[in-house]
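Since the structure comes first, as structure tokens, the remarks are kept for the end.
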Amino acid sequence: MGLSLTGLMACGAGGGNGNKTDSTSTAAVTADSSWSLTPTDSPTTVSDSLKLPTGFTATTLVENLGRTRHIAVAPNGAIFVKLSKLQDGKGIYRLMDTNGDGKADKSFGFGNYTGTGMAIRDGYLYASSDTCVYRYKLDNDFNVVDPNHPEKIVTGLLARGEHEPKAITLDYSGNLFVNIGAYSNACQLQDRTKGSPGQRPCPILDSAGGIWEFKADVPNQTYGDDHHYATGLRNVVGFDWNQQTNSLFVMQHGRDQLHDLFPDIWDTKQSAELPAECMYELHKGSDCGYPYIFYDQFQHKKILAPEYGGDGKKTAGDSAQDPVMAFPGHLAPDGLLFYTGNQFPAKYKNGAFIAFHGSWNRAPEPQEGFFVVFAPFENGKPTGKWEIFANNFSGGDAQTASGRADHRPCGLAQGPDGSIYVTDDSKGFVWKISYKQ
Amino acid sequence: MKNNKLFIFTTGASMVLATLLLSAKTPVAPAQTPTQAVMARGKQVYLQICLACHQVDAGGVQGMTPTLVKTTYVLGPKTPLIKIVLNGMTGAITVNGDDFHNVMAPHSDLTDQQIADVLTYVRNSFGNKASAVTVTQVKAVRAANKPAGK
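Residue numbers (the working numbering), protein chains in the order written: chain A, 1 to 437; chain B, 438 to 587.
Encoded structure:
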């Protein structure tokens with residue numbers, strides 16, 4: 001079963017099929033078959049249960065805060081965390097470590113709704129539910145002025161039971177970007193059902209499966225073509241505005257279930273690695289090709305999705321954008337942060353931290369992920385190398401393999417001192433990671 | 438089958454007794470340990486169809502797929518359980534206080550025997566212990582099942 005495509009796994013094999021080559025690919029796409037789960041190149045240290053490169057320390061700022069998703073840190077160090085399940089009736093917490101001992105000693109909960117998105121820009125805190133984006137005015141000490149009466153900035157977004165979280169980020173020109181995930185795996189007529197064909201055109205794409213752009217300060221905006229920023233993205237949870245390139249970078253959650261739905265094409269091992277979890281650099285009008293194609297990091301090609309007649313080899317999506325970087329399948333990138341601080345060593349500057357929540361769709365093969373990756377950038381492009389920056393969230397190899405992880409990294413933020421923060425939406429831990437020479 | 442339903446949903450002892458007396462063909466000892474053959478067949482279906490989402494240990498996936506271990510969905514009444522397999526499930530459901538969002542495809546293409554086997558297997562594996570699901574029960578639920586407009 002699935003052995004017919006063993007040749008497919010050879011890196012770079014199978015080219016020369018007469019189709020035009022992807023000359024539009026501008027950056028090296030890495031994470032090929034040479035990829036293995038080795039820890040960082042540099043020696044590691046264990047700090048507050050996390051495995052980090054030598055010189056870095058982690059402190060657990062807070063524990064057991066519930067489903068802590070995305071996080072934002074104000075210029076005075078006030079930490080705001082969004083929860084996807086109410087904790088004591090509250091969906092947002094403001095935390096403060098006032099005495100600098102690495103523990104949050106002040107905590108204030110507000111907002112009676114669940115969600116994922118959390119961001120601070122120009123004196124406002126932005127928060128998303130699965131259907132709306134709100135903002136709260138902050139005072140000079142970054143306290144929320146009126147916690148019970150946020151402004152509703154965006155309203156009426158689709159949430160149809162799958163890929164519901166509305167991740168948000170902002171640029172520095174007054175624009176708010178919102179991910180609206182496709183409420184489907186691969187846009188089949190009947191979702192996730194063997195034998196059900198892919199829909200062409202995919203009706204989901206008019207109102208989901210992409211990024212929408214809104215004004216950061218205009219209330220009650222909703223769907224409309226002028227807001228549609230990028231399409232062909234299955235689901236994005238981690239995304240961030242890159243100040244060096246002045247553009248939006250996203251991490252897509254690739255499709256599931258290649259083996260379950262097409263066991264004659266992919267075996268369980270291939271299906272565990274495919275398709276790639278892709279990083280894209282977006283511009284207005286970007287189309288990344290979902291659901292018609294997926295990216296195969298071994299062939300370095302956009303492959304026609306099997307629901308649309310693909311056989312694992314046929315390429316398609318010539319007009320769809322190539323990823324700037326590709327990671328192994330199903331690792332679930334839930335947080336992306338471009339590091340602009342000065343505390344970490346120079347190689348981290350302007351590079352990307354990515355929080356991989358951890359896989360489920362690798363079963364019966366071992367699960368993977370549950371770590372924070374660092375991908376260095378040069379001149380606004382990923383160098384192609386990447387390494388595991390923070391590991392051991394799962395609690396050990398056995399827990400990684402079984403998927404019964406203690407912690408699942410989700411949100412990332414940078415503090416005013418250049419430390420970074422990582423949330424865990426399994427047990428509600430928030431870590432602060434710092435560097436000392 | 439009516440009798441079986443009555444047996445499950447009736448609390449009055451006299452009614453149960455009456456049902457038992459009236460129904461000579463009521464399956465006996467439903468809590469009996471299922472045969473090895475049923476368990477082996479059920480496991481096959483589980484590995485092929487269920488494992489991808491519910492995982493090797495049936496513990497599910499946080500926020501995505503609910504656990505099958507010791508929940509009322511699995512150990513409770515059989516009719517709704519059989520219907521979940523036949524019709525699939527969409528939209529968030531709450532199990533043990535947590536929400537789950539993954540979509541479960543309908544599996545009405547499985548035979549009555551396969552559904553009975555896999556449900557019996559799940560109800561008697563992973564620390565679960567509950568009565569077997571029979572082919573007759575699956576057949577009856579399938580016959581009464583209205584996939585559209587339910």
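Cβ atoms here follow ideal geometry from the backbone N, Cα and C, with glycine treated the same way. Being a predicted model, the structure only gives us computed values, none of them experimental.
{"Item": "Out of A/ASP48, A/THR60 and A/HIS70, which one is the CA nearest neighbour of A/GLY411?", "Value": "A/HIS70"}
{"Item": "Use the C-beta contact count for A/LYS347: other C-beta atoms within 10 angstroms, 16 or more gives buried, fewer gives exposed.", "Value": "exposed"}
{"Item": "Tell me, which residues are paired with A/CYS414 by DSSP?", "Value": "Here residue 414 of chain A is Gln; the residue named in the question, Cys, does not match the sequence. DSSP lists A/ILE420 as partners of A/GLN414."}
{"Item": "Under 7 Å Cβ to Cβ from B/ALA529, same chain only, skipping five residues before and after it: list those, please.", "Value": "ASP536, PHE537 and HIS538"}
{"Item": "From the DSSP output, read off the bridge partner residues of A/CYS278.", "Value": "A/ALA326"}
{"Item": "Which chain B residues are close to A/THR193, counting only those with a beta carbon under 7 Å from its beta carbon?", "Value": "ALA542 and PRO543"}
{"Item": "Of the residues B/THR504, B/ASN524 and B/VAL498, which one's Cα is nearest the Cα of B/ILE552?", "Value": "B/ASN524"}
{"Item": "If you reduce the DSSP assignment to three classes, tell me which class B/ASN524 lands in.", "Value": "helix"}
{"Item": "Alpha carbon to alpha carbon, how far is A/VAL81 from A/ASP130? Give it in angstroms, no decimals.", "Value": "16 Å"}
{"Item": "Mind listing, in chain order, the continuous beta strand (DSSP E) runs of no fewer than 3 residues lying wholly within the segment 468–499 of chain B?", "Value": "none"}
{"Item": "Just list the alpha helix (DSSP H) runs in the segment 145–225 of chain A, keeping only unbroken ones of 4 residues or longer that don't cross its boundaries, in chain order.", "Value": "none"}
{"Item": "With C-beta atoms as the reference, is A/ASP370 less than 8 Å away from A/SER394?", "Value": "The sequence as given places Phe at residue 370 of chain A; Asp does not occur at that position. Taking 8 Å as the Cβ cut-off, A/PHE370 and A/SER394 qualify as a contacting pair."}
{"Item": "Below 8 Å on the Cβ atoms is my guess for A/ARG362 versus A/ALA216; work out the distance and round it to an integer in Å.", "Value": "In fact, because the Cβ distance is near 38 Å, the residues do not count as touching under 8 Å."}
{"Item": "With DSSP run on the structure shown, which of helix, strand or coil describes A/ARG94?", "Value": "strand"}
{"Item": "Determine whether the Cβ of A/TRP360 lies closer than 8 Å to any Cβ atom of chain B.", "Value": "yes"}
{"Item": "The ligand ATP and B/THR502: does any heavy atom of the ligand fall closer than 7 Å to the residue's C-beta?", "Value": "Of the ligands one can find in the structure shown there are none, so the ligand ATP has no counterpart to examine."}
{"Item": "Looking only at its own chain, which residues have a Cβ that is under 7 Å from the Cβ of A/ALA78, when we skip the five neighbours before and after it?", "Value": "ARG94, MET96 and PHE142"}
{"Item": "Taking only the alpha-carbon atoms, compute the straight-line gap between A/TYR126 and A/GLY209 and give it to the nearest angstrom.", "Value": "22 Å"}
{"Item": "Taking a contact to mean a Cβ-Cβ separation below 8 Å, would you say A/PRO219 touches A/ILE168 in this structure?", "Value": "no"}
{"Item": "Whole angstroms is fine: what's the gap from B/ASN440's alpha carbon to B/ALA577's?", "Value": "Model confidence at B/ASN440 stands at a pLDDT of 40, short of 50, so the residue's coordinates are unreliable; what they give is reported in the following sentence. Those two C-alpha atoms are separated by around 12 Å."}
{"Item": "At a CB distance below 7 Å, what residues from the segment 513–532 of chain B approach chain A? Give them in sequence order.", "Value": "THR527, GLY528 and ALA529"}
{"Item": "Check whether the Cβ atoms of A/ASP334 and A/VAL237 sit closer than 8 Å, and answer yes or no.", "Value": "yes"}
{"Item": "Using a cut-off of 9 Å between C-beta atoms, extract the partners of A/SER247 located in chain B.", "Value": "Neighbours of A/SER247 on chain B: none; closest Cβ ~30 Å, over 9 Å."}
{"Item": "Reducing DSSP to helix, strand and coil, say where A/GLU273 ends up.", "Value": "helix"}
{"Item": "Look at A/LEU83 and A/THR114 and say whether their C-beta atoms are less than 8 Å apart.", "Value": "yes"}
{"Item": "What do you reckon, are the CB atoms on B/THR502 and B/ASN533 nearer than 8 Å?", "Value": "no"}
{"Item": "Which parts of the segment 329–356 of chain A are runs of the beta strand (DSSP E), unbroken and 3 residues or longer, counting only runs that do not cross its ends?", "Value": "333–338 and 352–356"}
{"Item": "In the DSSP output, which residue or residues are listed as bridge partners for B/MET541?", "Value": "B/MET526"}
{"Item": "In or out: A/ALA482 buried (at least 16 other Cβ within 10 Å) or exposed?", "Value": "The structure shown does not extend to residue 482 of chain A, since chain A is modelled only from 1 through 437, so no value can be given for it."}
{"Item": "Going by Cα to Cα distance, which pick from A/GLN321, A/PRO306 and A/ALA320 is closest to A/LYS314?", "Value": "A/PRO306"}
{"Item": "DSSP three-state label for B/TYR510, please.", "Value": "helix"}
{"Item": "Under the three-state reduction of DSSP, which class applies to A/HIS70: helix, strand or coil?", "Value": "strand"}
{"Item": "Checking 8 Å against the spacing of the C-beta atoms, do A/PHE239 and A/LEU336 come in under that value?", "Value": "yes"}
{"Item": "Determine, using beta carbons only, whether A/ASN179 and A/LYS194 come nearer to each other than 8 Å.", "Value": "no"}
{"Item": "What residue range does the beta strand (DSSP E) around A/ALA375 cover?", "Value": "371–375"}
{"Item": "Check whether the Cβ atoms of A/TYR295 and A/VAL324 sit closer than 8 Å, and answer yes or no.", "Value": "no"}
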